[in-house]
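The working numbering puts the sequence shown at residues 12 to 295.
Everything on this sheet refers to the single structure shown next.
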Amino acid sequence: MLHGMSRRLTSLVGRQGHRLAATLPTNEPQPNEEVSHTVRRIREELATDKQRLKWRTPIGDRPEDWNSKLKLFSNSEQTSDFIVMMQRPIDLSPTKIKDWWGNRQEKIERHMQQFIPERHKILGAELAAAHFILYRGGAAKFFDDPRWHRASEDGEFSLPNKFHPGYKVEALRCDNMTLYYEGLENLRCLDHLKFLSFHNVKTFDDWCLDRVSGGEYPRLEVLDLSGTEVTTNGLSCLYRLPQLKLLIVDDPKQSVEMELAAAMLEVALSPLKVVGADAIHSHS
Numbered sequence: 012m013l014h015g016m017s018r019r020l021t022s023l024v025g026r027q028g029h030r031l032a033a034t035l036p037t038n039e040p041q042p043n044e045e046v047s048h049t050v051r052r053i054r055e056e057l058a059t060d061k062q063r064l065k066w067r068t069p070i071g072d073r074p075e076d077w078n079s080k081l082k083l084f085s086n087s088e089q090t091s092d093f094i095v096m097m098q099r100p101i102d103l104s105p106t107k108i109k110d111w112w113g114n115r116q117e118k119i120e121r122h123m124q125q126f127i128p129e130r131h132k133i134l135g136a137e138l139a140a141a142h143f144i145l146y147r148g149g150a151a152k153f154f155d156d157p158r159w160h161r162a163s164e165d166g167e168f169s170l171p172n173k174f175h176p177g178y179k180v181e182a183l184r185c186d187n188m189t190l191y192y193e194g195l196e197n198l199r200c201l202d203h204l205k206f207l208s209f210h211n212v213k214t215f216d217d218w219c220l221d222r223v224s225g226g227e228y229p230r231l232e233v234l235d236l237s238g239t240e241v242t243t244n245g246l247s248c249l250y251r252l253p254q255l256k257l258l259i260v261d262d263p264k265q266s267v268e269m270e271l272a273a274a275m276l277e278v279a280l281s282p283l284k285v286v287g288a289d290a291i292h293s294h295s
């Protein structure tokens, strides 16, 4: 008896379920449903619009593109920095345009100051450094030559255009230059250099001083860092210059940290004397 009631109940539920499913709304056309001409036209227009809006195939989905096997784990929703940048509103205010132009000029100058191996092969380390400094408004003095060589107002200077063993750089003045970290690679392996000045070079910081200290100057005696962005942290790298006798900074007593760093340097390098810029540049 119970078995018979169960079969009748299952049959009733099945019929009600099919009837309920038939009444549910759906976007798919039913087998016996007749699609009107208007609905067909709208669906065709939507398909055409989707195809038109897909204006390019994403990189990596084209047949000719190379794909890594790790593409299976990639995230297709991620956006690159370039896309994020392009989505930002464009600011054409005078301040932003000026900043953009300044950054562009800085990038160009950094690129122009990069180390060029061919130039050093032709000129040698001594003349290559002199050419680099004179071209940018600095001055150079050679061993056994009392003159300071500088470029004229037209940017011309009289130095050999190929290696000459008689030219040994003894002193370099980079005062008031715009000298970046990339350009310091051109000032190295100067075995006769005794005087090096970066007075008022605003782009000269601790990282630049670290590169200079490792530039192989076995005879360097005078180093001028006044008017630069060098801090007490950068002074610690000067232990690489054992012959240093005079270090010029803005004020060796401007802070407790600077005074302590100067005292420690004078102890570590026995011939060294740290002096303020006023004591030197007021007489020049």
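Backbone N, C-alpha and C fix where the C-beta goes; we use that ideal spot for every residue, glycine too.
Judged by beta-carbon spacing, Asn197 lies beyond the 8 Å limit of Ala162, meaning their Cβ atoms are not closer than that value. Excluding its 5 nearest sequence neighbours in each direction, Arg147 has C-beta neighbours in its own chain below 6 Å: Met188, listed in chain order.
Just measuring C-alpha positions, the residue of Phe174, Pro100, Pro105, Gly194 sitting nearest Trp218 is Gly194. Inter-residue distance for Phe168 and Pro229 is about 28 Å (C-alpha atoms, whole angstroms).
Residues Ala139 of the same chain have their beta carbon placed closer than 7 Å to that of His131, with the five preceding and five following residues left out of the count.
Using a 10 angstroms sphere on the CB of Ile259, the tally of other CB atoms reaches 16 or more, which defines it as buried. Residue pairing of Ala141 in beta bridges, as defined by DSSP: absent, with no partner found. Sequence-distant partners of Pro171 (beyond 5 residues in either direction) whose C-beta falls short of 7 Å from its own C-beta, in its chain, are Leu138, Tyr178. Here Gln265 is exposed, its C-beta having fewer than 16 other C-beta atoms within 10 Å. By the CB criterion at 8 Å, Asp235 and Ser208 fall inside the cutoff.
The three-state reading of DSSP puts Ile101 in coil, since its state is none of H, G, I, E or B.
In its chain, beyond the 5 residues on either side, Tyr192, Leu195 have a beta carbon closer than 7 Å to the beta carbon of Arg222. Unbroken alpha helix (DSSP H) runs of no fewer than 4 residues, entirely contained in the region 169 to 257, are found at 217 to 224, 243 to 246, following chain order. Restricting attention to Asn114, Leu190, Val180, Phe174, the CA atom closest to the CA of Val212 is found in Leu190. Of the residues Ala273, Arg115, Leu255, the one whose Cα lies closest to the Cα of Pro263 is Ala273. Its Cα nearest to that of Val267, the residue Thr242 stands out among Thr242, Leu255, Asp102. Here the C-alpha atom of His210 lies approximately 18 Å from the C-alpha atom of His160. A straight line joining the alpha-carbon of Asp261 with that of Ser247 spans about 16 Å.
In this structure, the beta-carbon distance from Glu227 to Leu257 does not fall below 8 Å.
In this structure, the beta-carbon distance from Cys185 to Gly135 does not fall below 8 Å. Within the same chain, Asp216 come within 6 Å of Glu240 by CB-CB distance, once the 5 residues on both sides are set aside. Here Glu181 is actually not in contact with Phe143; their C-beta atoms are around 16 Å apart, not less than 8 Å.
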